[in-house]
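Residue numbers (the working numbering): 77 to 153.
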């Protein structure tokens with residue numbers, strides 16, 4: 077995986093206890109794609125990678141969809 081920047085806040089394992097479980101089902105093809113990706117980029121912790129990837133995507137979408145006082149068209153004028 078890539079090196080983390082110093083700006084990135086790293087939460088210690090002691091401060092966050094993960095008690096909620098999520099399960100997903102993948103097709104054989106989807107599983108192979110993920111396994112190849114993890115092998116190519118030498119990612120050893122699949123759970124952490126999947127959690128960070130999903131949460132980063134959700135965070136990005138929430139930032140894009142954040143309501144504003146004015147519409148995009150009005151702000152570009």
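Note that beta-carbon positions come from the ideal geometry of N, C-alpha and C, so glycine has one too.
Remember, it's a predicted structure, so these values are computed and weren't measured experimentally.
Which two residues bound the contiguous alpha helix (DSSP H) that contains residue i?
{"i": "residue 103", "result": "That residue, residue 103, is in no alpha helix (DSSP H); it is neither H nor E in DSSP."}
Pick helix, strand or coil for residue i, following the three-state DSSP scheme.
{"i": "residue 152", "result": "helix"}
Tell me which residues share the same chain as residue i and place their Cβ nearer than 8 Å to its Cβ, disregarding the 5 neighbours each side in the sequence.
{"i": "residue 93", "result": "none"}
{"i": "residue 112", "result": "none"}
Please return the same chain residues whose Cβ sits closer than 7 Å to the Cβ of residue i, not counting the five positions on each side in sequence.
{"i": "residue 122", "result": "114"}
Please specify which runs of the beta strand (DSSP E), each continuous and at least 3 residues long, are wholly inside the segment 88-148, giving them in chain order. none
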